[in-house]
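Trainee: Structure in structure tokens, see below.
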Amino acid sequence: MTDLFPLLMILLMLNIVVGLMRVLRGPTAADRMLAAEMFATSAIAIALLLAVLTQREALVDLALVFALLSALAVVTFVNRAWSGRVRSSDGEDRP
Amino acid sequence: MTLYLLLAVALLIIGLHGLFVCAQLMRKILALNVLTTAVFLLLVVLAQAAEVLDPVPHAMVLTGIVVTVSTTAVALGLMVRLLERRGGPVSGRDRDSRNS
Amino acid sequence: MGAPGLAFDGILGAALLWTAWQAIHAAGLFRAVVSFMVFGLLMALAWVRLEAPDIALAEAAIGAGITGALLLSALGRLDWEAGRATDECLRGRDRAFWVPTGLLLLAGLGGAAWLLPAPGLGEPVAAELGRSGVENPVTAVLLNFRAWDTLLEIAILLLGVVALWSLGPTPWPSSPELVSPALPMLGRVLFPAFVLVSAYLLWRGSHAPGGAFPAGAVMGAGGVLMLMAGARPWLSGDVHGPWRWALALGMVAMLGVAFAVMTGGHGFFEYPVELAGRLILLLELAAGLSIALLLFALYLGGEPPADWETRRPA
Amino acid sequence: MSLTGVIGGILTVGGVLFLLLGTLGLLRFPDVYTRLHAQPKADNIGLGMICLGLGVYSGSLSLTLKLLLVWLLMLVATAVGAGLIARAALRRGIRPWGL
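Residue numbers (my numbering), protein chains in the order written: chain A, 558 to 652; chain B, 37 to 136; chain C, 11 to 324; chain D, 6 to 104.
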């Protein structure tokens with residue numbers, strides 16, 4: 558089993574590298590953000606595999622932090638960077 | 037370990053290169069962030085070389101990461117203000133600013 | 011881990027280089043920012059591989075999380091889809107400069123790594139760890155042996171907030187732009203998890219990776235999420251509000267402890283051994299809370315409007 | 006090898022396969038809505054299987070509960086995030102493929 562986990566980690570890492578293609582190709586910003594979310598999931602899986610493999614519970618905490626902050630990234634994206642009213646919010650909140 | 041040392045140097049070069057070559061302020065900020073990460077990586081890799089794991093560079097990098105986010109926030113705040121003041125795309129070398 | 015570990019490191023390193031390059035040279039700013047966020051994420055994994063879980067936690071919360079939110083928000087203020095034409099980098103003309111510079115840097119840093127004595131503070135720290143009041147060496151260095159650094163670092167955060175507030179009101183809109191019933195729900199479900207994880211990290215800091223920095227960063231990120239979900243924060247730009255005192259809390263607590271131990275005949279930040287554990291816990295609480303608020307204020311990027319609490323959602 | 010080890014290993018490998026399938030969908034599907042259909046779902050089930058498998062493999066209750074918390078958080082985040090991205094794309098005027 559301890560031989561299996563490193564192989565799975567390498568597979569997941571390759572998964573991330575292949576997913577970078579979607580960031581490169583787009584075509585819309587939503588596709589890129591979706592790919593970024595996939596990276597968060599893969600990174601969590603890698604951290605969890607490493608946590609069990611090396612018996613370090615701190616890495617589970619790392620996975621927890623990843624999970625919480627991937628939500629923040631998506632919400633910031635839909636709310637701020639790609640909200641559809643990029644330039645029209647002027648005057649609403651500024652004097 | 038050698039691998040990460042090489043990685044740190046490569047990131048350092050990418051960061052420096054981007055900082056000098058790119059005109060857009062956003063990219064300069066990103067390049068600065070890459071540059072700091074490279075320095076942190078170098079510190080931690082060197083700490084790794086010691087016989088007993090040295091926690092002092094780790095603590096330094098930890099403070100460094102927090103300092104980096106504060107400088108990034110200030111830089112982005114300044115950039116956004118500059119954009120509002122100028123009313124155009126934020127670039128250090130676009131045509132308007134060169135003529136005026 | 012041997013050969014598989016090396017293969018993993020190799021792929022990770024290649025992906026890091028690629029994302030770093032993309033973060034600076036990708037066509038289109040959005041691609042650059044997403045690449046940088048992925049870079050932060052992968053960097054956290056690299057810290058794990060370098061036996062630095064403390065840094066990995068901080069990088070995950072700050073490098074990948076809060077910096078990403080900041081960059082995306084700033085991008086929202088830029089006309090990044092129309093602005094592609096003005097977004098040029100000088101290319102190709104300067105190889106004669108960069109190749110020798112790169113080789114020189116490589117040789118210099120390689121020589122430094124080879125010739126300089128290895129950092130040897132590991133043994134003194136391990137020897138003094140019993141007297142520091144905590145079991146995690148990184149926390150011991152941060153809040154006991156070199157608490158001075160942490161004090162200055164919180165001072166820098168405070169300075170950043172002061173600088174941003176002096177630039178005027180916050181540039182981000184204060185209400186969510188996208189009206190979706192899922193958004194307040196997400197805030198309501200996730201915010202308790204943010205608080206829980208933050209408290210847990212703070213508690214773990216004394217004996218395992220964690221502590222005030224990641225805890226404060228997670229808490230600050232939770233605040234940013236709630237702001238995004240449409241919650242009205244209680245902070246305001248009011249001159250006499252409690253908000254300013256709360257921002258300075260970490261700084262005040264650290265200075266207070268430092269001078270209090272001096273009155274007991276010790277040096278600056280030289281805790282009495284029997285009180286060290288409790289003093290560090292106190293400082294961690296104050297610093298964690300203060301870092302959370304400071305990061306939230308840094309995210310705001312300017313002075314919050316004075317009438318924020320009473321304003322109705324759009 | 007113990008039974009829990011085998012079951013945990015099978016679940017973990019299955020989970021990784023699901024993650025890879027999700028990425029296949031992300032790469033091969035024609036537009037953002039179909040990708041949203043493929044990728045978050047596959048990732049959620051994949052991560053769930055990995056968490057379950059690692060919990061069974063390690064045999065520790067506290068670790069398993071923590072892993073399930075990670076999965077639960079990610080479930081909420083990905084599901085709501087996918088909905089938000091779809092809504093933002095629609096409002097931005099991106100036409101679904103084939104319509």
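Every residue gets a Cβ at the ideal spot worked out from N, C-alpha and C, and that includes glycine. These figures come from a predicted structure and were not determined experimentally.
1. For B:Gln60, which of helix, strand or coil comes out of DSSP?
2. If we call anything under 9 Å between Cβ atoms a contact, is C:Ala231 one with C:Ala71?
3. Which residue marks the beginning of the alpha helix (DSSP H) containing C:Glu284, and which one marks its end?
4. How about C:Met206 and A:Asp618: are their beta carbons less than 9 Å apart?
5. Tell me the DSSP bridge mates of C:Glu313?
6. Quick one: residues in its chain with C-beta nearer than 7 Å to the C-beta of A:Asp588, no 5 flanking neighbours on either side, listed in chain order?
7. In this structure, does DSSP put D:Arg40 in helix, strand or coil?
8. Anyone know if the C-beta pair for C:Thr149 and C:Gly215 falls short of 9 Å?
9. What span of residues does the alpha helix (DSSP H) with D:Ile90 cover, start to end?
10. Assess contact between the region 47 to 64 of chain D and the region 16 to 23 of chain D, defined as three or more Cβ pairs (one per stretch) separated by less than 8 Å. Is contact present?
11. Using a threshold of 9 Å, state whether the C-beta atoms of C:Asp75 and C:Ala227 are closer than that.
12. From the beta carbon of B:Arg117, is the nearest beta carbon of chain C less than 9 Å away?
13. In this structure, does DSSP put A:Glu594 in helix, strand or coil?
14. Should C:Ala122 go down as buried or exposed, given a rule of 16 or more other Cβ atoms within 10 Å for buried?
15. Tell me the residue span of the alpha helix (DSSP H) that contains A:Phe623.
16. Taking 8 Å as the line, does the beta carbon of D:Lys71 fall inside it for any heavy atom of the ligand ADP?
17. The alpha helix (DSSP H) spanning D:Phe34 covers which residue range?
18. Rounded to whole angstroms, what's the CA-CA distance from A:Val643 to C:Pro147? Just pull it up for me.
19. Check whether the Cβ atoms of C:Ala33 and C:Phe18 lie closer than 9 Å to each other.
20. Buried or exposed: which applies to C:Val109, given that a residue is buried once 16 or more other Cβ atoms fall within 10 Å of its Cβ?
21. What does C:Val199 touch in chain D if you count any residue whose Cβ is under 7 Å from its own?
22. Output yes or no for whether 9 Å exceeds the beta carbon distance between D:Leu24 and A:Leu569.
23. Using a beta-carbon distance below 9 Å, is D:Ile12 in contact with chain A?
24. Note down, in chain order, each residue of its chain lying with its Cβ closer than 7 Å to the Cβ of D:Arg92, except the 5 sequence neighbours on either side.
25. Among C:Pro63, C:Ile21, C:Ala84, which residue has its Cα nearest to the Cα of C:Val44?
26. What residues in its chain sit with their C-beta under 6 Å from that of C:Ala30, if we drop five residues either side in the sequence?
27. Looking at chain A, is there any beta carbon in it that lies within less than 9 Å of the beta carbon of D:Lys71?
28. A:Val632 versus chain C: which residues are under 8 Å apart at the beta carbon?
29. Closer than 9 Å, CB to CB, is C:Ala324 near chain D or not?
30. What is the DSSP secondary structure of C:Ser142, counted as helix, strand or coil?
31. Taking just the CA atoms, how far does C:Pro127 sit from C:Met195?
32. Please give me, in chain order, every unbroken run of the alpha helix (DSSP H) with length at least 4 that falls completely inside the region 59 to 89 of chain B.
33. Can you pull the chain D residues whose beta carbon is under 9 Å from the beta carbon of C:Ala203, in chain order?
34. Assess contact between the region 100 to 113 of chain B and the region 158 to 176 of chain C, defined as three or more Cβ pairs (one per stretch) separated by less than 8 Å. Is contact present?
35. Going by beta-carbon coordinates alone, are C:Tyr309 and C:Asn154 separated by less than 9 Å?
36. Find the residues of chain D that neighbour A:Leu585, judging by a C-beta separation of less than 9 Å, and give them in chain order.
Mentor: Working from what's here:
1. strand
2. yes
3. Run containing C:Glu284: none; DSSP gives neither H nor E here.
4. Note that residue 206 of chain C is Leu in the sequence shown here, rather than Met. In this structure, A:Asp618 does not lie closer than 9 Å to C:Leu206 by Cβ.
5. C:Pro179
6. Arg579
7. helix
8. yes
9. 66 to 96
10. yes
11. Inspection of the sequence shows that residue 75 of chain C is occupied by Gly rather than by Asp. Contact flag set, yes.
12. Closer than 9 Å: yes.
13. helix
14. exposed
15. Residues 615 to 633.
16. In terms of ligand content, the structure shown is empty, and the ligand ADP therefore cannot be addressed.
17. Here D:Phe34 belongs to no alpha helix (DSSP H), and DSSP marks it neither H nor E.
18. Because the pLDDT of A:Val643 is 41, which lies under 50, any placement of that residue in the model is unreliable, and the number read from its coordinates should be weighed accordingly. Rounded to whole angstroms, A:Val643 to C:Pro147 spans 47 Å at the Cα level.
19. no
20. exposed
21. Val81
22. yes
23. no
24. none
25. C:Ala84
26. Excluding residues within five positions, the ones whose Cβ falls inside 6 Å are Phe49.
27. yes
28. Leu193, Leu196, Leu235, Met238, Ala239
29. Its pLDDT being 44, under 50, C:Ala324 is placed unreliably by the model, and nothing is read from it.
30. C:Ser142: coil per DSSP, three-state reduction.
31. Going by the C-alpha atoms only, they are around 55 Å apart.
32. For the region 59 to 89 of chain B, whole alpha helix (DSSP H) runs of length 4 or above, ordered along the chain, are 61 to 84.
33. Within chain D, the residues near C:Ala203 are Leu74, Leu77, Leu78, Val81.
34. yes
35. no
36. Per the sequence shown, the amino acid found at residue 585 of chain A is Thr instead of Leu. By Cβ distance, chain D contributes Asp36, Val37, Ala94, Arg97, Ile99.
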